[in-house]
Structures are given as C-alpha cells and as structure tokens.
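Number of protein chains: 2
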Amino acid sequence: MPKVIECIPNVSEGRRADVVESIAAAVRGVPGVRLLDHSSDPSHNRSVFTFAGDAAGVTAAVLAIYERAIPAIDLRTHKGEHPRLGAVDVVPFVPIEGVTMNDCVALAKSVGAEVAARFGIPVYLYEEASNNPARKNLEDIRRGEFEGLAAKLADPQWKPDYGPAVPHATAGASIIGARMPLIAYNINLNTDRLDVATKIAAAIRQSSGGFRFVKAAGFELKDRGIVQVSMNLTNYEKTPIFRVFETVKREAERYGVSILESEIVGLVPSAALNAAAEFYLQIAGFNPEQVLENKLREP
Amino acid sequence: MPKVIECIPNVSEGRRADVVESIAAAVRGVPGVRLLDHSSDPSHNRSVFTFAGDAAGVTAAVLAIYERAIPAIDLRTHKGEHPRLGAVDVVPFVPIEGVTMNDCVALAKSVGAEVAARFGIPVYLYEEASNNPARKNLEDIRRGEFEGLAAKLADPQWKPDYGPAVPHATAGASIIGARMPLIAYNINLNTDRLDVATKIAAAIRQSSGGFRFVKAAGFELKDRGIVQVSMNLTNYEKTPIFRVFETVKREAERYGVSILESEIVGLVPSAALNAAAEFYLQIAGFNPEQVLENKLREP
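As they're listed, the protein sequences go chains X and V. Using our numbering, you'd call the opening residue of the first sequence number 37 and step up by one each time. Using our numbering, you'd call the opening residue of the second sequence number 37 and step up by one each time.
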C-alpha cells in the first residue's frame, strides 16, 4: 500500500479570499501532495485546509503554508469567534494508509522543530505527539488565546516544546500534533423530543461516562420536526461506528423512539466503513488486501 | 475517478509453469496494466489471470496473452477436468470504476473482432455483450467443448460473432464478454446438518426461485463439523450482499440454526462493502466521494 498521511492545518484567516487562495495554491504546488478540500468561515475568521501525501510531501506543504500565512496574517488585529493562538493555529497529522500513529508523531516533532527554527515561532505538541499529559488536549493548550500567550509562555509549565518562550510578534504560536482521523457522524431520530437526543448523547459520550472516543450533543432539526444526536468519533478503530450506532439504537428504544437515518459529514476512511460491513455480515478473516481498490493502489 | 476495467482471462494450461509464467510476464509488461493475481489448477489444467487497467491497457494485455498462448497450447492434446472450447477459453471484461457496463460491452466487441481478425479464431460474445438471448450463458456456449466445436460452428444457430465458422486448428474458439464483478461469498452455519445448508441454498438461488444474481449450493465442512452455504453473487448492485445475508439468517432461524460467520473469498469491490455499511447504519445521502481513499485516487 502507498504511504498516505493526511494533514489538516487550521489557519487564522477566513475573510480575505486572496490570502486563502494563495495558501491553497501553495499546497497545490507541492509535488506528490493532493489538496482534498479547503473551507473558510468568515465569522470564525478561520480556514481549514485538508491535504494528503507522503511524509516529505506534507512537510513541504506545511512549510509552504507558513511561508504564505506569516506575512499575510497579523494576530494583533485578527478578530473572529473561534479561539486561536497563532496565524497557523493547529496542524494535525493523521495516519491514513501504510503509516502508523508513531510515524505521524515523529513527523509532528520534526515539523514542529523545523517551524520553530525557520520562523522563530513557539510550538506546542498536542494529542498523540504530546510529551506531557497536561499538554495533550488542544483546548487546554489554546486557553488564553493569542492575547494571553506572552504570559502563558513565561510560565515554566507552559514552556513550548520547540522555539522561543515568547510569542512571534504577529504569528503567535502553533500547536502541532498527531491524531486519528475524525469522523463527523450524526444519527437522526424519529421524534421531535430534544430530551431524548440529549439523554442519548450523554449516554454515549466519554465526558459523561460513555465511549472513550465519542463527543456528542443533542440538537433539534426544527425544519424537519426531528432531533439529532450529533457526534465526533475521534478513533474509529477503538470506538467503531457500528458500536455507537447499535448503542444509540438500543437507548432510543428505551423511549419508544427509532432511528430514522444516520449521516456521515465529510470524509470517512474506507476502513471505518469496512469495519461495519465486517461486523454486520460476521465476516471472518477479512483482509484489506481483498478490497479490489486497495490492490489497485499498491505501488 | 480513474477509469478501471478488470479482465479475468481463463487459459487452458494449468500444468506447465513455464507457459503460465510466460503469459503472466506478458501481462506485467503492458504499461498501465496491473496483474492482480494468477492461479493455476493442474487437475483442471487451467489458469486464471486477473488484471486491471484502462481500455487501451487491458486490450493490449489480452492480445499479448493470445500471442503467448496460441503457439504454446494445443487443444488437440489438452486434457483437464474443466470444460473448455479454446486455448484462451473465456475473456470477461468487468467495470470497476469510472466506466459503465456499456463501455465494457463495447470493449468486448472490439477485442473480439480484433482477436478474430488477427489470429483467425472464431469468437462468441457472452453475458452482457451477447447479441442473442440464446447465446448469453457461458455454459450453453461451451457445451460440446473443443471436441464438438467443428459441428457446433457449422450449425447456423452457432455461427460465431466474429471470425471463421471453423475452429482454429489448435486454439479452438474464444468466448469474450462483459459482466459485473463476481463475489465468492460463503456463510457458515452453526450446525452439522447438511440438509439445512442445502435447503437454504435452494431458497436463495435464482435457479430454484431465489434472488436473481445468486448461485448457491450447500456443503459440509467435515473437519469443522459445520455446514456452509457457498455462493457466487453475480451482480452485487442488484442483489447486494446484505440482502442475501439477512435472508440466509432468517431462513436458518426456521431450523433453529444461527450464522457462525461469513467469508469473502478473493477480491471484493469496495462499493459492495460500502453498501452493507450504508444499509446497516441506515446512512442517508452517502456519496462514494466521501470515502477518503476514493478522493486520493482521483486523477
């Protein structure tokens, strides 16, 4: 199988189309890298770029993003609803195919060191790349935002993993790490009772005692007269989609409610869908090499 | 998405490794074509080659197989358990990605005409490429085998679609066509009662009133003390795996028997597994473009 790493930098610019397009063009210009998607949110004043390639390719693409973002973005005047610490705020590396999480951790560290050395930007490592249990969670690292960054960096507990213990004047700091692919997954229920969706969300999410790799909340879809359990699945290998689906289905029965449908928002790794087919069809001894398309992609 | 056609020629040689290897090497030598598998059965005296590529690539690979097979194989002295009409016995083209069944039908016809013109071999079109409902089924076309071929070709009802109405002296005739991918799928039952597997096989297969695109038989797995419903699914779009699985499960309940496991033998198209995930997870509005690996393969 080819070696494929996905990278999803979050950049603090979501209003000026010329800046966003210049960054997208920089990614497209890197050989061996494919820009899969980019989207901007003006109220957040933030853009998300999704691309994939091998280690050398995604490294070159990340550095190209910094080259474009640093002169164009000034955090001292940046306003937006989404919390941010830097111009290139968050850079996760995600193993997709033929690479391990350890490979992505090593990549996060080498890119973090390079960003600090080349641009003078303090870098925090996060999630699987974190060297410190207290500095694993993105929200904890970002707390205080750019405006509180100088004070945070001066705290010995928040000495950055790479680079100076003072903010880059305009680009702040960056948070670079490795994580599993995230699947945005919603289940719509055959009811307009928000309390049912809310209770099921509480039952399945880690924060209130549910599955370790599930974040969930209940919402009303008022135009359709139904409710939704909206989820992020943060590790589909350890908390697979089918287990979450079956648990939601069983919990809903408790209230006399059934599942209307589910939906996957955005991209999903093939392996996450195959795992559902394996489970329900009780397939024994399944090997990803049996999937015709995987054979076709072998180098 | 890239354009991918699978081709699975069946060649009447399964004992002489040098001949088989020479044919495999010819396929490997065609640019843009990937040889995915080849296997030989000495008792059948027959080899199956599986490769994929675009229309120009698979055409070149098929012609290369004839170039090697014709001088090496003489049907007048060929013996084997498997029925056969020619040295290159059967050549199916299968749509995998970015191509329609109509594209594969057109390809079967152009390759059939070329084989007849270049090598003087009579060619019958079969399955989706057939021009004649009475000559659609492979077994019907092959009945009489090489030994009865001269008489068959002389019958006006069996005039070949391309080429002379007399056999090639050593290479016989060829059967060239287009079909959907075939999935070899078995379901193992938690019982040693062969009659249960046999009755379920009869319930689900087309020939005795079941699903249109299912061939099935019951077998004993004596070493494991269980029985198996062994199937070929000949059109996974119209008769999907999950529907067959659920029907077998329900029929088994009738006898107090449960499903132990199922197994996919050999290759399976990604879309066939995704359809099972969509069904069981009740995914609404699923688009193959959401599968990350499909995005990566776009040209």
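Ideal Cβ positions, reconstructed from N, Cα and C, are used throughout, including at glycine. The structure presented is a predicted model; accordingly, all values stated were derived computationally and were not measured.
My output table needs one value for residue i: the three-state DSSP class, helix, strand or coil.
i      : result
V:G93  : helix
X:A220 : strand
X:F155 : helix
V:S48  : coil
V:T234 : helix
V:S146 : helix
X:R260 : helix
X:L99  : helix
V:S83  : strand
V:E181 : coil
V:E175 : helix
V:R248 : coil
X:N268 : strand
X:V66  : coil
V:L72  : strand
V:S243 : helix
X:P128 : strand
X:V135 : coil
Residue i CB to nearest chain C CB: under 7 angstroms?
i      : result
V:P305 : Structure shown: chain C not included; protein chains present are X and V.
Quick check on the burial criterion: 16 or more other C-beta atoms within 10 angstroms. Buried or exposed for residue i?
i      : result
V:S146 : exposed
X:G122 : buried
V:N224 : buried
V:E329 : buried
X:A53  : exposed
V:G321 : exposed
V:R260 : exposed
X:R171 : buried
X:T113 : exposed
V:S75  : exposed
X:A187 : exposed
X:P169 : exposed
V:R215 : buried
X:A288 : buried
X:E133 : buried
X:E314 : buried
At the 7 angstroms Cβ level, is residue i part of the contact set with chain X, yes or no?
i      : result
V:Y291 : no
V:L143 : no
V:R331 : For the record, residue 331 of chain V in the displayed sequence is Lys; it is not Arg. Yes, its Cβ sits closer than 7 angstroms to a Cβ of chain X.
V:Q318 : yes
V:I300 : yes
V:N310 : yes
V:L269 : no
V:V327 : yes
V:A88  : yes
V:E256 : no
V:L72  : yes
Do residue j and residue i count as a contact pair if the criterion is CB distance below 7 angstroms?
i      : j      : result
V:I262 : V:A252 : no
V:K39  : V:V135 : yes
V:G89  : V:A144 : no
V:Y291 : V:V232 : yes
X:A62  : X:R104 : yes
X:F255 : X:S266 : yes
X:V126 : X:I211 : yes
V:V141 : V:E164 : yes
V:D111 : V:F155 : Contrary to the premise, residue 111 of chain V reads as Leu rather than Asp in this sequence. The answer is no: Cβ separation not under 7 angstroms.
V:S306 : X:V124 : no
V:V310 : X:L309 : One detail in the question is off: residue 310 of chain V reads as Asn in this sequence, not Val. Taking 7 angstroms as the Cβ cut-off, V:N310 and X:L309 qualify as a contacting pair.
X:P158 : X:G184 : no
X:I44  : X:T86  : yes
V:V98  : V:I41  : no
X:Q318 : V:I295 : yes
V:L189 : V:A201 : yes
V:N173 : V:E299 : no
To the nearest whole angstrom, what separates the beta carbons of residue i and residue j, a pair I think is in contact under 8 angstroms?
i      : j      : result
X:P196 : X:Y160 : 6 angstroms
V:R108 : V:V55  : What sits at residue 108 of chain V in the sequence shown is Ala, not Arg. That belief holds up - the Cβ atoms of V:A108 and V:V55 are roughly 5 angstroms apart, short of 8 angstroms.
X:R51  : X:P78  : 5 angstroms
V:A237 : V:I277 : That belief does not hold up - the Cβ atoms of V:A237 and V:I277 are roughly 16 angstroms apart, past 8 angstroms.
X:N81  : X:E57  : Going by Cβ atoms, the distance from X:N81 to X:E57 rounds to 16 angstroms, so no, they are not a contact pair.
X:L303 : V:K331 : 7 angstroms
Are any of the Cβ atoms in chain V nearer than 7 angstroms to that of residue i?
i      : result
X:Q264 : no
X:E282 : no
X:A220 : no
X:A60  : no
X:A91  : no
X:V313 : Here residue 313 of chain X turns out to be Ala, not Val, going by the sequence shown. True, the Cβ-Cβ gap to chain V drops below 7 angstroms.
X:Q41  : It should be pointed out that residue 41 of chain X corresponds to Ile in this sequence rather than to Gln. False, the Cβ-Cβ gap to chain V never drops below 7 angstroms.
X:I295 : yes
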